[in-house]
Amino acid sequence: MGEFFESLLGNVANITWQQPIMWLIGAVLIYLAIKKDMEPSLLLPMGFGAILVNLPESGAIETLETLFMAGIDNELFPLLLFIGIGAMIDFGPVLNNPKLMLFGAAAQFGIFFTLMMASVCGFLPNDAASIAVIGAADGPTSIVVAQALGSKYLGAIMVAAYSYMALVPIVQPPVIKLLTTKQERLIRMPYEQKNVTKTTRILFPIIVTMLVGIIAPGAVALIGFLMFGNLLRECGVLNSLSETAQKVLANLITLFLGLTIAFRMQAHEFLSPDTLLIMGLGLVAFIVDTAGGVMFAKVMNIFSKKKINPMIGACGISAFPMSSRVVHKMGLKEDPQNFLLMHTVGVNVSGQIASVIAGGLILSFFM
Amino acid sequence: MKKVLSVLFLLVMLFTAVMPVAMAEDMAPAAEETVIGGADEPTAIVVTEAEETKEETKEETKAEKPLSIGESALFMLKGMVGIFLVTGLIILVLVIMDKAGNRKKETEE
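Structural data, given as structure tokens:
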């Protein structure tokens, strides 16, 4: 009888004190995904995976390691996901007003500021650069950069990146309000709809890939897969492939991505003071990104005749489409007749491109 | 209060942009020593190999150390310039395409 119980419960003795903490973290991620609807497609698999890999003598680790080696170690999953994301994005608002891309560029300031902060905190260059890319507010880019640079903090970086992306409605409004006056938030921006030709829509992904590829070769894979997805969407002759990329491919990869990342959430790797520091630095990155975009808009207002609502600068972080919705709602709250949506979407998709460029530049610098 | 915050943030941005230039002297690579003449071929090879090993070790040690504030500020400057350069080029191409499209339309009309 004793042997029977020993064989049944013997594994209980293998539980380390860190593992229940990881179960708790997993439970919190699942709670946030289900109850708070925060990036559920990723936080739920990550939360479940965190529990899965932290059971004593877990037999799932080998399977997840296989998936990790097959899909993340070689950067395959995030790149394939980019095809889906590219197929989902309509670059129309940017093509309508290309100047909006400048805000996307300005809002990447947080990435490089965080690089400095992470270095000050004592992280090695490859880790500091990987942590900084949390500020790209772009999960796949963060994975590709962290993996390519061989950062040991991939798990923590992913949790930070996706958590803060989900927390955009909480993080951004106070920063925007702190840096803008009521008058600035009331600035109206009429939207002039131009007719963007199909040729422009088709040439855009090709030209962007070539330009970025020549200047920042490290970003070719990232921008290339994103723009390939967009080309599928815009070419008009591959609708079924475009739909597959947007739905089936994106869902399938997302399904595996969250679970596979959990391989890097094993207690002995994840539970360290560095993880807390990374979460803090991730927050700094998001705040400075937002502030960078807003301040750039304010500086532009000094020189431009047509005043810009500085709030739209905050959408330059690439958390798409959440950031654009948040700022649009803030505009409506200040003035119910102030419709900023098309501008915010334009800046937001520009942020998507700029964050990939920033990721590529970081790779060029540190590889 | 908001103006003060805005100015403060701008100052931080300016400071971080100017810092790499100010610290450029610290980061300048040491003047390369040149060995001209005097050494026969095998000695020259040994010297070159020794220098290469020295440089590799130096790079390895550098990679194991966190970046200094000056170095990371330099990366910040390079990164922001790079992003604005690429973005500027994309905008330029889009504006040219837009103008070309408009001219074509006018001609057709």
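Just so you know, the sequences run in chain order L and Y.
Each number in the working numbering comes from the position in the first sequence (counting from 1) with 972 added on.
Each number in the working numbering comes from the position in the second sequence (counting from 1) with 56 added on.
Using N, Cα and C, we set each Cβ at its ideal position, and we do this for glycine too.
Taking a Cβ-Cβ threshold of 7 Å, none of the residues of chain L is close to residue 152 of chain Y; the smallest such distance is about 10 Å. Taking all protein chains in view, the Cβ of residue 1248 of chain L is surrounded by fewer than 16 other Cβ atoms within 10 Å, so the residue is classified as exposed.
Around the CB of residue 1155 of chain L, fewer than 16 other CB atoms lie within 10 Å, so the residue is classed as exposed. With three or more CB-CB distances shorter than 8 Å, the region 1208 to 1223 of chain L counts as touching the region 1055 to 1074 of chain L. Residues of the region 1154 to 1174 of chain L with a C-beta less than 8 Å from any C-beta of chain Y: 1166, 1169, 1171, 1172, listed in chain order. In the three-state DSSP reduction, residue 1189 of chain L falls in the helix class (H, G or I). With the rule of 3 Cβ pairs closer than 8 Å, the region 1258 to 1268 of chain L does not count as touching the region 1009 to 1023 of chain L. In the three-state reduction of the DSSP assignment, residue 1287 of chain L falls in the helix class. The C-beta of residue 120 of chain Y comes closer than 8 Å to at least one C-beta of chain L. When DSSP assignments are scanned along the region 1245 to 1277 of chain L, the uninterrupted stretches of alpha helix (DSSP H) that are 4 or more residues long and fall wholly within it turn out to be 1245 to 1275. Taken in chain order, the whole alpha helix (DSSP H) runs of length 4 or more contained in the region 1056 to 1130 of chain L are 1064 to 1068, 1073 to 1078, 1081 to 1092, 1097 to 1104, 1111 to 1120. Ranking L:1285, L:1338, L:1211, L:1327 by CA distance to the CA of residue 1109 of chain L puts L:1327 first. Chain Y places no beta carbon closer than 8 Å to that of residue 1317 of chain L, leaving this residue out of the contacts. For residue 1143 of chain L, the enclosing alpha helix (DSSP H) starts and ends at 1140 to 1151. For the options L:1172, L:1021, L:1034, the alpha carbon positioned closest to that of residue 152 of chain Y is the one of L:1172. Using beta-carbon distances, residue 1120 of chain L does not count as an interface residue toward chain Y, since no partner is under 8 Å. By the Cβ criterion, the region 1286 to 1295 of chain L is in contact with the region 1077 to 1087 of chain L, since at least three pairs of Cβ atoms, one from each stretch, lie closer than 8 Å. Taking a 10 Å sphere around the C-beta of residue 1112 of chain L, we find 16 or more other C-beta atoms and assign the residue as buried. Short of 8 Å from the beta carbon of residue 983 of chain L, and not among the five residues preceding or following it, lie these beta carbons of its own chain, in chain order: 1028, 1029. The Cβ neighbour count for residue 1324 of chain L, taken over all protein chains shown within 10 Å, is at least 16; the residue is labelled buried. Closest by C-alpha distance to residue 1237 of chain L, out of L:1064, L:1186, L:1131, L:1283, is L:1131. Judged by pairs of C-beta atoms under 8 Å, the region 1184 to 1195 of chain L does not touch the region 995 to 1009 of chain L, as fewer than three such pairs exist. Sixteen is the threshold: since fewer than 16 other Cβ atoms of the shown chains lie within 10 Å of the Cβ of residue 977 of chain L, the residue is exposed. A Cβ-Cβ separation of about 6 Å places residue 1117 of chain L in contact with residue 1334 of chain L under the 8 Å criterion. For residue 1155 of chain L, the uninterrupted alpha helix (DSSP H) segment begins and ends at 1154 to 1157. Around residue 1206 of chain L, the same chain offers 1173, 1174 as residues with beta carbons nearer than 6 Å, after the five sequence neighbours per side are excluded.
Membership of residue 1311 of chain L in any alpha helix (DSSP H) is not indicated, and neither H nor E is assigned to it by DSSP. Residue 1091 of chain L has a beta carbon lying within less than 8 Å of a beta carbon in chain Y. The C-alpha of residue 1032 of chain L lies about 20 Å from the C-alpha of residue 1046 of chain L. If the five residues before and after residue 1126 of chain L are omitted, its C-beta is found closer than 6 Å to the C-beta atoms of 1118, 1236, all from its own chain and listed in chain order.
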